[in-house]
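Visitor: In the UniProt record's numbering, the protein residues as written are 1 to 369.
Even glycine gets a Cβ: it sits at the ideal position worked out from N, Cα and C.
Could you have a look at this structure, given as C-alpha cells, before my questions?
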Amino acid sequence: MRFFTQIPTGHSDVIHDTAFDFHGKRLATCSSDQVVEVWDQSEGGEWSLTGRWKAHAASIWKVAWAHPEFGQVLATCSFDHHVIIWGEPERRLAPSSPRDPASASRSSDRGSAGEAGASSEAGNEGGAGKSRSAGGVGDDDGPGGWNKYASLVDARESVNDIEFAPRHHGLRLAATSAKGIVRIYEASDVTNLNSWSVAETIDDAGDGAGNALAWNPSRFASPSMVTGGNGSAPLIYQFSDSSNRWVCVERLEGHEDAIHDVAWAPNMGRRFELIASGSKDGSVRLWRLEQGSFASSPIATFDQHHSQVWRVKWNITGTVLASSGDDGLVRLWKRDFMDEWRLLSEISGDKGEAIPQSSAVAAATSSAQ
C-alpha cells in the first residue's frame, strides 16, 4: 500500500484537468472557476503555488505544457471558444510562498509577451488562422500571473481538448472543438510566441472528433493522431504529403457510446503501436496498430469502472495505462508475461492510497472481438 500527496488547490469549482510538465516537477490545474494554477515541487518534495490567474471567461476544460525546449509555455482551452497560449514571466518570489533558491532562480527565457493588443472576447470575429495576441498577465489579484502570448479565436463553439505536438514536429498545437473540427496551430517564430496561425485543419471527422485527441509520439512516423467524439469509434488520422492534408486511415470500432478520451502510447521498441480509449459506455479499450499501415485489432477491454470513463493516460514508457471514471477510482493496467493486460492497482483519491490487486481479481477482460 502506497500513499500519495494531496495538493490543496485554491480552486472554488470543479477541477477539469491537471498536467505535469516534461520533468514532472511542475503541475498545472484548471477549473470551472476560470482559474489556472501552477504548482512547483521543491527538492524536498513539497509543492508550492507559484502561479494563479483568471485565464478565461468560462469553464476551462484542458491545460497543456509545451516541451521545455520552447520555454515555459502553457496552453488552455475553454467553453468560451478560446485557446490561449501563456508564457511564464520572469520568476519572482511571492511573499506568502517561500521557495527554495534553485526554484526561485529559474526564469523563462522568453521574458514578457510584449505590448500587443488585448485579446478579443468570445464571439468576436476572427478569420481562419487568425490569432489575437495580448501582453500582460492574466486577470487575478494574486502574484504569479502568466503572460498571455496569444488568444486563438477560430472556433465558434466550445474547445474541448488541446495537445502540443511532439517536439520533432516543431511548436504546434492541436485543438478540437465541439463541432468535430480539429485545428493544428503553428508558431510562426518560436522566439516570438505572439504569432500563431492555423497550419492544417481536419474538418471531415464529424462525430469522430470533438471530445479528445492525441498525437502519435513516435519520431519515426509521419504526423498522425487519434481523435474521439460523440460517435462510438475513435479515428486515426495521418498527414499525407502527396495530398498535403490529413486523411482518415482507420476507424477503431468496438465502443457503444461517445468517446471521452484517447491516448497514444509512447513506443520504446515495440513493433506495433498501442492506443487506449475511454468511453461513456463504461469501458476502456486497447487497440494494436501495425506500424506503417495502421491496420488495427482490439486486444483488451476493461469494464471494471462500471461507470463512464473520463480519462486514459499512458506512463512515459507506454507500459502502464491509467484510467479514471465516475466511480471515483484511478485504475492502473499492465501487461503481464503471458501478454495479458491485468489490473495492477486501484487508487482512491478519498483515501490517498493505492491498493494492489491480487491475480484472482486482476485479470482484464481480454477481447478479440
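1) Go to L289, then tell me how far its beta strand (DSSP E) extends in each direction, as first and last residue.
2) Given that a residue counts as buried once 16 or more other Cβ atoms are within 10 Å of its Cβ, and exposed if not, what is N216?
3) In three-state DSSP terms, what is A113?
4) Just to confirm, are A199 and T227 a CB contact at a threshold of 7 Å?
5) Which same chain residues, not among the five before or five after E163, have their C-beta less than 7 Å away from its C-beta?
6) State the Cα-Cα distance for the pair E273 and K313, rounded to the nearest angstrom.
7) Assess, as a yes-or-no matter, whether the stretch 147 to 166 is touched by the stretch 187 to 206 under the definition of 3 or more beta carbon pairs within less than 8 Å.
8) The beta strand (DSSP E) with N194 in it runs from where to where?
9) Using DSSP with H/G/I as helix, E/B as strand and the rest coil, what is residue 427?
10) Could you name the residues of the same chain whose beta carbon sits closer than 7 Å to that of F70, not counting the 5 residues immediately before and after it, in chain order?
11) So what does DSSP say about A363, is it helix, strand or coil?
12) Starting from G318, trace the beta strand (DSSP E) both ways and give me its first and last residue.
13) Please state whether DSSP places P68 in a helix, a strand or coil.
14) Would you say R219 and H67 are within 7 Å of each other, going by their C-beta atoms?
15) Any idea if F79 is buried or exposed, counting beta-carbon neighbours within 10 angstroms, 16 or more meaning buried?
16) What is the DSSP secondary structure of D261, counted as helix, strand or coil?
17) Which of the three DSSP states, helix, strand or coil, is assigned to R156?
18) On the premise that L286 lies in contact with G276, defined as a C-beta separation below 8 Å, what is that separation, rounded to the nearest angstrom?
19) Residue range of the beta strand (DSSP E) that W246 falls in?
Guide: According to the structure data:
1) Unbroken beta strand (DSSP E) run through L289: 284 to 290.
2) N216 counts as buried, since at least 16 other C-beta atoms from the protein chains shown sit within 10 angstroms of its C-beta.
3) With a pLDDT of only 35 at A113, under the threshold of 50, the placement of this residue in the model should not be trusted, and no figure is reported.
4) Not in contact: A199 and T227 (Cβ atoms no closer than 7 Å).
5) Around E163: A64, A174, L213, A214, W215.
6) Here the C-alpha atom of E273 lies approximately 15 Å from the C-alpha atom of K313.
7) At 8 Å Cβ cutoff, the stretches touch.
8) Taken as a continuous stretch (DSSP letters only), the beta strand (DSSP E) holding N194 covers 192 to 202.
9) Residue 427 lies beyond the residue range present for the chain, which begins at 1 and ends at 369; the question has no answer from this structure.
10) If we look at F70 and ignore the five residues flanking it on each side, its Cβ neighbours are L171, V190.
11) Note on A363: pLDDT 42, under 50, position unreliable in the model; no value is reported.
12) Bounds of any beta strand (DSSP E) do not take in G318, whose DSSP letter is neither H nor E.
13) P68 falls in the helix class under three-state DSSP.
14) Remark: C-beta atoms of R219 and H67 do not approach each other more closely than 7 Å.
15) It counts as buried.
16) Assigned with DSSP and collapsed to three states, D261 falls in strand.
17) Looking at R156 - three-state DSSP - the assignment turns out to be coil, as it is neither helix nor strand.
18) The sequence shown places Ala at residue 276, rather than the Gly named in the question. Correct: roughly 5 Å between the Cβ atoms.
19) Taken as a continuous stretch (DSSP letters only), the beta strand (DSSP E) holding W246 covers 245 to 251.
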